[in-house]
Ligand code: FE
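In the working numbering, the protein residues as written are 549 to 891.
1. So what's residue 632 in DSSP terms, helix, strand or just coil?
2. Are the CB atoms of residue 769 and residue 786 nearer to each other than 7 Å?
3. Please work out which residues of its chain come closer than 6 Å, Cβ to Cβ, to residue 601, disregarding the five sequence neighbours upstream and downstream, and give them in chain order.
4. What does DSSP give as the partner residues of residue 679 in its beta bridges?
5. DSSP puts residue 803 in a beta bridge; with which residues?
6. Distance check for residue 772 and residue 687, CA to CA, integer angstroms please.
7. Within its chain, find whatever has a CB closer than 6 Å to the CB of residue 757; leave out the 5 residues flanking it on each side and keep chain order.
8. What does residue 602 pair with, by DSSP beta-bridge criteria?
9. Mind checking whether residue 844 and residue 675 have CB atoms under 7 Å apart?
10. For residue 672, which residues from the same chain have a beta carbon less than 7 Å from its beta carbon, with the 5 sequence-adjacent residues on both sides left out?
11. Using 7 Å as the threshold, is the C-beta distance between residue 637 and residue 878 below it?
12. Can you tell me whether DSSP reads residue 709 as helix, strand or coil?
13. Determine the direct distance from the alpha carbon of residue 591 to that of residue 928, and round the result to whole angstroms.
14. Note down, in chain order, each residue of its chain lying with its Cβ closer than 7 Å to the Cβ of residue 817, except the 5 sequence neighbours on either side.
15. Taking 8 Å as the threshold, find out whether the region 633-647 comes into contact with the region 869-877 through three or more Cβ pairs.
16. Kindly indicate the opening and closing residues of the alpha helix (DSSP H) around residue 856.
17. With distance defined between alpha-carbon atoms, name the residue in 705, 697, 629 nearest to residue 720.
18. For the 8 Å Cβ check, are there 3 or more pairs between the region 601-621 and the region 581-589?
19. With DSSP as the reference, label residue 620 as helix, strand or coil.
20. Taking just the CA atoms, how far does residue 633 sit from residue 783?
21. Under 7 Å, do residue 766 and residue 754 count as touching if we go by C-beta distance?
22. Output the boundary residues of the alpha helix (DSSP H) element that contains residue 825.
23. For residue 649 versus residue 667, is the C-beta distance shorter than 7 Å?
24. From residue 647 to residue 790, what distance separates their C-alpha atoms?
25. Between residue 685 and residue 723, what straight-line distance do the alpha-carbon atoms span, to the nearest angstrom?
26. Ordered along the chain, which non-local residues of its own chain (more than five positions away) have a Cβ less than 7 Å from that of residue 603?
27. With 16 other CB atoms within 10 Å as the buried threshold, where does residue 705 fall?
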């Protein structure tokens, strides 16, 4: 090696070490995310810009990440697990993956309804499970309640995704909470008896099926409708011209809402950064992002929502059921839906 070249290597090494502060090892966050919304990139960028903490993100399907976390156990590099639905958060918690977080900031900003009773997990946005219906064939008063979908008048007219999907499991858990297991079971049987086709596809597919004349009513999360309403694609515009959505149970308990959220993992190597990340997700900037990025409502009530699609949906009465109460009934929900044959 020439002396000149060796000197260059030393110079580069010195320059690199100057750029890398001693605390660099603490300034990282390992995030496992099962949120499946393309627009989340900007959300994570905001955290690094605000705190200087780099995020190493592993995205995957809910089940894959859950199994991976269980397998990695104490050796897991993951600090935070982000996912959708109280059912998934509950499953992770029941597997002992989360450690409760003591944060005055999180407790102040996130209403008790949207977090676990023991603060093992927190919701950062909420979404409504609504009824989509054919504007020409169905009157909104026919779909004033989730229970209406099980009525004989909708025989052969209901489209819905799998009964194993968390969105439907948690809705079923809310029906168990409000009406008891026996009535909830009858409801699930009624849905199965009314199916226009075997459950398949995602929520958007159910709305497309209404527009195609395959069925007249369906269940969907509200943001899938908002996404279609915001789309410039002719096929999406066509769906929105034929399909409307109703917020069920406005005269009674209110419309079922679920959360997207996460928790700090029990074996998190970067616990401090993890709590900072959770607090960031409850900040005004991140909260506003949920509303603009994926058309969800921020859990922090004081955050201003600037989204024409959400404004168009209007205000509605929210079912105040606590997320932990929902999570508690997921097991029963699964059992009753299996029994009813809601595949
Ligand atoms: Fe979704």
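Beta carbons are placed, not taken as given, at the ideal position from N, Cα and C, and that holds for glycine. Keep in mind it's a predicted model, so treat the numbers as computed, not measured.
From the atom records:
1. To locate residue 632, count along the chain shown from 1; it is residue 84. Residue 632 falls in the strand class under three-state DSSP.
2. Sequence index remark: in the chain shown, residue 769 carries index 221 (1-based). Sequence index remark: in the chain shown, residue 786 carries index 238 (1-based). Result no, Cβ atoms of residue 769 and residue 786 do not sit closer than 7 Å.
3. The residue you call residue 601 lines up with position 53 of the chain shown. Here the set comprises 575, 577, 821.
4. Here residue 679 refers to the residue found at position 131 when the chain shown is read from its first residue. Per DSSP, 767, 794.
5. Translated into positions along the chain shown, residue 803 becomes position 255. Answer is 866.
6. Locating residue 687 in the chain shown gives position 139, where the first residue counts as 1. Locating residue 772 in the chain shown gives position 224, where the first residue counts as 1. About 21 Å.
7. For this step, residue 757 is matched to residue 209 along the chain shown. Excluding residues within five positions, the ones whose Cβ falls inside 6 Å are 707, 763.
8. In the chain shown, counting from the first residue as 1, residue 602 sits at position 54. Note: residue 602 sits in a beta bridge opposite 576.
9. On the chain shown, position 296 is the one that residue 844 refers to. On the chain shown, position 127 is the one that residue 675 refers to. For residue 844 and residue 675, yes; Cβs fall inside 7 Å.
10. By one-based count along the chain shown, residue 672 stands at place 124. Closer than 7 Å at the Cβ level, and outside the excluded window around residue 672, lie 808, 809, 829, 830, 838, 847.
11. Position 89 of the chain shown holds residue 637. Position 330 of the chain shown holds residue 878. For residue 637 and residue 878, no; Cβs fall outside 7 Å.
12. Position 161 of the chain shown, counting from 1, holds the residue named residue 709. DSSP places residue 709 in coil when its eight states are reduced to three.
13. This structure cannot speak to residue 928, because the chain is shown only from 549 to 891.
14. Locating residue 817 in the chain shown gives position 269, counting from the first residue. Correct list, in chain order: 625, 627.
15. yes
16. For the purposes of this step, residue 856 is taken as the residue at position 308 of the chain shown. From DSSP, the alpha helix (DSSP H) with residue 856 extends over 856-861.
17. Taking the chain shown and counting its residues from 1, one reaches residue 720 at position 172. Closest by alpha carbon: 697.
18. yes
19. Your numbering for residue 620 matches position 72 in the chain shown. Residue 620 falls in the helix class under three-state DSSP.
20. In the chain shown, the residue the question calls residue 783 occupies position 235. In the chain shown, the residue the question calls residue 633 occupies position 85. Cα to Cα, residue 783 sits roughly 29 Å from residue 633.
21. Looking up residue 766 in the chain shown gives position 218. Looking up residue 754 in the chain shown gives position 206. Cβ atoms of residue 766 and residue 754: closer than 7 Å.
22. The count along the chain shown starts at 1 and reaches residue 825 at position 277. It spans 819-829 - the alpha helix (DSSP H) in which residue 825 sits, taken as one unbroken run.
23. Here residue 649 is taken as the residue at index 101 of the chain shown, counted from 1. Here residue 667 is taken as the residue at index 119 of the chain shown, counted from 1. Contact: yes.
24. Locating residue 647 in the chain shown gives position 99, counting from the first residue. Locating residue 790 in the chain shown gives position 242, counting from the first residue. If you take the alpha carbons of residue 647 and residue 790, they lie about 46 Å apart.
25. Within the chain shown, residue 685 is the residue found at index 137, counting from 1. Within the chain shown, residue 723 is the residue found at index 175, counting from 1. Their backbone Cα atoms lie some 26 Å apart in a straight line.
26. The residue you call residue 603 lines up with position 55 of the chain shown. If we look at residue 603 and ignore the five residues flanking it on each side, its Cβ neighbours are 577, 579, 592, 595, 596.
27. Within the chain shown, numbered from 1, the residue matching residue 705 stands at position 157. Flag for residue 705 reads buried.
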